[in-house]
Structure formats: C-alpha cells, structure tokens
Amino acid sequence: MTDPTIAAQADSGGSYVTALEHADGGGTGKKGKPRSLWSDAWGDLRRRPLFIIASVIILFLIVVAVFPEWFTSADPNHRDLSRSRQTPSSDALFGYDVQGQDIFARAVYGTRWSLLVGVGAAVFTVVIGAVIGLLAGYFGGAVDGFLSRVAEVFFGLPFVLGAIIILNAFRSSGVDSAFALVMMVVFALSLLSWPVAMRIMRSAAISAKQQDYVKAARALGASAWRIIFRHMLPNCLAPILVYATILLGSFIAVEATLSFLGIGLRDPAVSWGVMISDARNYIRVAPHLLLFPAGILTITVLAFVMLGDAVRDALDPKLR
Amino acid sequence: MRRPRWMAAVVMPVATALVITSCGGDDSGDGDGAGGAGNNKNDTGTVSVFGTEPENPLVPGNTTETGGGKIVDAMFTGLVDYDPVTSEPRNAHAEDIAVSDDGKEMTFKLKDGWTFHDGTPVKAKNYVDAWNYTAYGPNGQQGASFFMQVAGFDQVNLPDPDGAEGPKPAPTPPAKEMSGLEVIDDLTFKVTFSAPHPIFRVKLGYPTYSPLPDSFFADPAKFEETPVGNGPWKFVSRVPGQEVLVERFDEYKGDDKGKVKNVKFSFPESADAAYAMVVDNKLDFLDTMPPSALAGNIWQTDLEGRSSSAEILSLQSMSFPLYDPKYKSVDFRQAISMAINREEITKTIFEGNRKPATGYASSKVPGWEPGACGELCEFNAEEAKKLFDKSGFTGTVEITSNADGGHKEWVDAACGQITNTLGVACKFVPVQSFGEIREKINAREMTQIYRSGWLADYPLVENFLNPIYRTGGSSNDNGYSNPAVDAKLAEADSAASEEEAYALYHEAETMIAQDMPAIPLWDNPSQFGWSTNLKNVRMTPDRELDLSYVEIA
C-alpha cells in the first residue's frame, strides 16, 4: 500500500467491480447468475442520457421543493403595488406580478405544491388501482366482475367535469390550510384516475396468476395474501410503475388546468397553476407574468414524461 | 320606495390601456340637432335595447325595479329630468319651480301645450291626481313612500300594523287625498311639505312623480294594457316575457325627443344570451356586461370599437358587519381605511379607470361635495399603524367577495397593503356567488369584512346615505346606528334650501366617516356594448341608453 500507483490501480479495479456488482442488483448477484428485471433495467437506464437529464431536473426540483429558502431570500407573498408588473431585473430574476410579488420567489415556493399534487395524486392512484387490480385479477370471478364494473363507472366520468364537480362540492366547506387544499385536489384526481391503474394491474395479475411459481406456491399451501404480496405484487409492479411516472407529470399539468379554472389550488397553496391563472388577464400587457411559471411547468412535466419514457423502455422492452 | 340596489355588478381590471370614451367630452354628433331627421334609417329603423320583464304593469307609480323603470322612463316625462351626461337635474315639463322662503312650499308652473300620447293636454290636475293615487295606501303602489314628506301623507297612507308581510291589511286611511297638494290653475300647482323639503326638486326626475292621463283614472285596467304616457316615446305593443315596443312621439315638446323611429325593449333570457346577441348584432344595446364577458376582458375584443365604460351613480366600498364584536373598534376600522392606498390600486389594478373615493357618494352626484372622509380615506401608514395598535385587534383580517365578479385582484392588492402597513395577516375569502353573500348579509351572519357596491336611484347624495347609514334604513345591513347621524340626516332632509341641504348631508357624511361603518373605495363604472347598427351611443348615469342621442348608423 506504499506504492501509490498500485493503490490507484487496486482502487480503480475495485470500483469497477463494485459498480458491476451494483448493476447486478445491489451487489448480491454473482457473475454468471441471471440478473433480475430490476437490475437489468437499472443498468439500461444508467446509460440513457434522457434518463440522466430528467433525473437531474427532478432531483433539483425536489431540493427546491424541500428547501425553497436556499434559492431565494425574497418573501413570495410580499405585495407592493409600486412595482406591479415590472419586467425581470437583477432584483427579481423573473420580474414582478400584478400585485408586485416576486415571480421568481413565488415560482420557487410554488414548486412544493405542484410537486406535492403530482406525487400525492400519483401515489394514491397507484395504491388504490394496484390494490383493487390485484384483488380483481387474483380472485377473478364475481369479485373481478364487481370491481371491474365499479371501475368502469368511475372510468366513464369525464375527467375535467368530474374534477369540477368534486372540487366544487368541497370548495365551500371552509377548507383553507394549504395542505388540506392539496389533499382535496389529490383526492379528486386519484378518485377519477384509479381505474386505468386498476386495469393495468388486473391484466398483469391475471397473467402472473398463470405462472408456475404461483401455482407452486399455491400447491405448497401458501395463503392468498402471501401469494399476492410475496409473489404477484413484485412481478406486476413494472407496468404500473411506468404508468405512475408518466401520470405524475400529467397530474402536475392537470393541477395547473384545474387551478386555471379556479377550482384547483388557491391561496395559500400557490402553485404554478395558480400563478398562471392569476396572470391570464395580463398576457397582452405583461407576458412575463405567464411565461415564467408556464415555462417552468412545461420543463417539469417534460422531465417527468421523459423519465417515464425511459423507465418504460427499460422495464418493458417490448414496447420500445 | 324603490329599493336601490346593492350591486352584484362586476368590476374587472382593465388590462389594456383602454381609452374610455367618456361621453362627457364627445359632443361632435350633438351639434347637428335636427340632422338626425335627414337620416332615412332613423325614420324607419328600430333600436333594440336589453331589458328585463317588468314586474308590474307599466304604471309609473308602481314601477320601482329597473326592468320596468327604463321603459317607464322612456314613456313619461315629469317635472324634472336629469342631464344624460352630468346627471344634473333640469326642468323638463316644469316651466318654473318656486320654493317658499321657509322651504315648506313648492309651486310648479307647467309648460303649456304638452299632451299625452292620446292627445289630451297634460294639466296640473294630472300630476296631483297621479300623486294622490300613488300615495293612497289601499292602491298598493310601490312608489307610495316617495311622497312621505308631503303634508297629509300620514292621512292617506297608514302603516301596516303587522308589517307588509303580515296577514292583516293596513287599515283604511281617513283621507283619500293629501292635504299638501293643491291645484291652482290648469298649469300651476302647489305642494306643501310637513317639514321644509326643498331638496324634493332633485328627486322629481324619478318616474314615480310622473303625471297620469284622465283615461287612467277612468279605466285603470285598460291603461295597464295600453299605457298612455307623456314622454318622448309612445307605447305600441307588448309581448309578455319577450318585448315592449315604443315609437317616437312626434308631438313631444321636450328637449329629449328621440331621433330614431322605434325602440324595442327586448328581454333575452339571460345577460349571457343578450351578450351573444349584441356580438352577433341581433340586439343593439346591452347596459351591463355579464361576468363571462368581463373575464379576461373578452368584451373589449369581442366588441371592439362598440363598447365602453361609463361612470354611473355607484360607489364601491367595504363594509364591516358591526354586529360581530371583532369589528367593534372604531380605531380598527379607521386603521384599515387608512392602510389602503386607493390611489395606487386604482392606478395599477384598474389602470386609472376608477376614481378614489373621498366620501360616501359617487362623484357623478350633482351638489355632492367631495372630501367628507378627509384624511381617513387617505393612505397614511404611520397613523394607520398607530390606530391599529390601539385597537388591539388580533388574528387575520378577512375580506370576502363573490369570486365570479373579478374582485380578487383588488381585494388581494388591498390585503397586501393592509399586511404591509399594519403587519397583520390579511386574506381574500372568495365566495361562489353574490347571492350567497347577500343571503348571509340579510341573515346577519357575516363574520368577515365584505365588499359592497351601491347603485343609486336618483342623483342625490341623500340616496347614498339614508338607506344605508340611518338607523333602520331599508338597506342598513350592518346595524349601524348613531343618533347624531340620524338627527343630522333628518335635519338635511328638511333643510330650508338645497345648498343648505347639501352642506348638511356633507356634515352627516363627515360624521359617518368618523365612525367608519364602511370604507369608501372608489367610483364604480359600468361597461356597456352596442351593435354595429348604432352610432352616438352613450349611457346615462342611471345606467340606461340615452335614447334622445342614439342614432342608427
């Protein structure tokens, strides 16, 4: 270990092996042993520039969402009409809105709400859809018939109309904390989108049910719950995960749509959608009010959709 | 009394630097006077005007809502009318109005040669009979209380013992005619008031004070079918629920004679439908833009070059529900008023299309003296903060309004100023519809400061004060009561001269401002649009199309 060159060689060799092991699935795989779907996918993903770009953007957004104060020192809610609609300057990177609020600061603080809605709604949708889909797929028969019909009822509701009705019903209920507002939108979005996740999960469960390892487990006397959670869930996860990633991006956009219509988020949960909604009347006189939040929204949605595409390609090569 | 309306009306920040074609300065088309007669289209054409189905038959004394009001306005001309631009009261059928020195008597000399649409002359008797009919309790006319100040009113109109809604009818009054009305000759009559009331003159342009022809008293039912007026427009036909058609009365002697042949008041099912019709040129005039058209200022693009905004007799304010103990402190109310920078909001949010208020009436009201609110309506951060600290208010200042009317922007801006100045949290609480808010206000269940807008009936400051700030006033929603203010208003009502009355109203306003039951904010204009068929379009301060000015293009 006194010879630096040898040490360096050993190190680089070592790291090479570690990376390989990592690619083999958390270092458990040995050479020659077949790699799992997940490690295979990870190995595939790491080499995709699309995935790397998307991940960097998303990681950055997460950091912004959690620690907005690292990125701006301005108070996003401080109003000052004397600087109403001022264009970008060194004081305010994105300029000021109608109320004289710093657009950059608002966009930074708004990241949290936009992401929260996207992540929350995607998680809820997947959880509801996956559970119901698994049950329907595994048990089949009358259970499947019943659950599928329920799903079809929800599937039949036009999305925006349904969201307007649900959010309107809860709007005057006196909800006014930011978190409660977010939960309301999350609830409305997941209630209307879970049927798709359920269908994906159900078809995956039906095909997994026919697999030998499931039959073997059943022959060995494993309980239904054990089979569902130990054997089927891990093997049905790939398609729904792909769906969830893409969904996340589109939910962020849907939240903006609903907020634009005035029924999504509102003060104090100021998301990008709310900013766009506030700015719409001033598009001709002060386009920067709308363009900045809209641009950020577009980039974010794009990042999630890119990530979803990459994950799908990796997990489900058939679709490529 | 015609209940002046709390305005649901909608204000929308005007985004583009719109040039308000204020009617005042534009006299270019006015000078040619008879020039309209040479225009063939005017002689045959019809102007269709947006309206709503009249609540009652078209009898002026019984018409107190806007739908019938604008038709009755066109069909009748009283002693006085209002200048369509300045809303200054001017003599119409009255040749001369003489007030006795003590202000208790008013003598009207009528212009000779005026006739009703059926050819019978308009005499002093027609006024006196009409007024007696309207005031007589058992006739159940809605405009009865407009004659409250005339001597003998208490003998013809007795109060209902269990209120208007109660089961018992009002007792039959002892007299059928007011002792204060006296016909002197065919063209002269005299009114005696129970207390001096020279300001009466200013109210006289209101249609309730119109004369009625003899045929009305002979057969009221027939009159209701085919009303006969004495105004610039003659009744032609009415299709219930759809339209009322009137035509120009060629023998009309007044100054506000029409230039076009026919005017049709149409009643589309909604303002939205009416708006679409104006866009398609199927309806010629709409006096109020529906919220859907105001959103995003669509009306300005849809009706480019044929829409405008005009000042009307209306004031935007913020009211405190005084029955809520949170708002008991005068210091707090004054602090909020002084924390709002009206100048800045009207300049930025409204692009200079509003005028900051300096008192409790619209600047369109003649005889009104601005400045009653004084320093209390001016932005003063230090003083506001001092008052606020003294008031001991804790918690969040909440301001509510209907969200569908585009009020969010200015409430947000006001909230920002309140927070910056007073260091207290402030937020806008949107409520879905105006009706929802009115319900809560009427039930006295408000817990937040709320937006209030007022549209007056006639251009008199009294109409901005008595109904809202007098104890028991018909629209005194907040339970505001100050005996000193009541006394001052009563004193103003019975002042010996108009000038004195105006001065006393001003004093009353000053006293109200000290209590600050509501914060005056700014004048509230109304947006209107017209079809390509029209030219010379302008709106009067009481939100009607100026029918004497409009022409067919």
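Here the protein sequences come in this chain order: W and D.
Per numbering that gives the first Met the number 0, residue 0 is the first one in the first sequence, and the count goes up by one each step.
Per numbering that gives the first Met the number 0, residue 0 is the first one in the second sequence, and the count goes up by one each step.
Beta carbons are placed, not taken as given, at the ideal position from N, Cα and C, and that holds for glycine.
For Tyr242 of chain W, the closest alpha carbon among the candidates W:Trp193, W:Gly261 and W:Arg279 is that of W:Trp193. In this structure Val48 of chain D touches Phe264 of chain D by the C-beta definition: roughly 5 Å separates them, less than 8 Å. For Gln416 of chain D, there is no enclosing beta strand (DSSP E); the enclosing alpha helix (DSSP H) has its first and last residue at Lys407 to Leu421.
The residue from D:Asp153, D:Val149 and D:Gln148 with its alpha-carbon nearest to that of Gly136 of chain D is D:Asp153. Check the Cα spacing between Asn481 of chain D and each of D:Thr114, D:Asn475, D:Arg469 and D:Glu490: the tightest is with D:Arg469. Short of 7 Å from the beta carbon of Val125 of chain W, and not among the five residues preceding or following it, lie these beta carbons of its own chain, in chain order: Ala196, Ile239 and Ala243.
Within the same chain, Ala150 and Gly151 come within 6 Å of Ser178 of chain D by CB-CB distance, once the 5 residues on both sides are set aside. When C-beta atoms of the stretch 244-255 of chain W are compared with those of the stretch 182-193 of chain W, three or more pairs fall below 8 Å, so the two segments count as touching. Not one beta carbon of chain D lies nearer than 8 Å to the beta carbon of Asn234 of chain W. Interface criterion not met: the Cβ of Val184 of chain W is under 8 Å from no Cβ in chain D.
Contact between Phe331 of chain D and Ser390 of chain D holds: their C-beta atoms lie close to 4 Å from each other, under 8 Å. Leu321 of chain D sits away from Tyr449 of chain D, with the two beta carbons spaced by 8 Å or more. For Tyr501 of chain D, the secondary structure class from DSSP, reduced to helix, strand or coil, is helix. The beta carbon of Glu543 of chain D is closer than 6 Å to those of Lys69 in its chain, skipping five residues each way along the sequence. Straight-line spacing of the CA atoms in Ala174 of chain D and Leu157 of chain D works out to 10 Å. The three-state reading of DSSP puts Gln513 of chain D in helix, counting H, G and I together. In this model, Ala309 of chain W and Ser147 of chain W are separated by some 30 Å (Cα to Cα).
Val79 of chain D carries a strand assignment under DSSP once its states are collapsed to helix, strand and coil. Distance from the Cα of Leu114 of chain W is smallest, within the candidate group W:Leu306, W:Thr299 and W:Arg311, for W:Thr299.
When 8 Å is used as the limit between beta carbons, Arg148 of chain W is near no residue of chain D, the shortest such separation being about 34 Å. For Val142 of chain W, no Cβ of chain D is located within less than 8 Å of the residue's own Cβ. Taking C-beta separations shorter than 6 Å and ignoring five residues to either side along the sequence, the partners of Lys122 of chain D in its chain run Asp185, following chain order. Residue pairing by DSSP places Val149 of chain D opposite D:Phe192 in a beta bridge. Annotated three-state conformation of Arg443 of chain D is coil, per DSSP. Positions of the alpha helix (DSSP H) runs, each at least 4 residues long and wholly inside the stretch 212-295 of chain W, are given as 232-259 and 271-278 in order along the chain. Under the three-state reduction of DSSP output, Thr110 of chain W falls in the helix class. Distance from the CA of Arg47 of chain W to the CA of Arg311 of chain W, rounded to the nearest whole angstrom, comes to 12 Å. With 16 or more other CB atoms across the displayed protein chains lying within 10 angstroms of its CB, Thr62 of chain D is buried.
Less than 8 Å divides the Cβ of Thr531 of chain D from the Cβ of Arg305 of chain D. Per DSSP, reduced to three states, the secondary structure at Tyr126 of chain D is helical. Ala313 of chain W and Ile52 of chain W have their C-alpha atoms roughly 16 Å apart. Going by beta carbons, Ala162 of chain W and Ala179 of chain W fall outside the 8 Å limit. Within the stretch 215-249 of chain D, not one residue has a Cβ closer than 7 Å to any Cβ of chain W.
The shortest CA-to-CA distance from Pro524 of chain D to any of D:Tyr359, D:Lys221, D:Leu454 and D:Glu382 is the one to D:Leu454. The C-alpha of Gln526 of chain D lies about 25 Å from the C-alpha of Ile339 of chain D. A straight line joining the alpha-carbon of Val62 of chain W with that of Arg111 of chain W spans about 9 Å.
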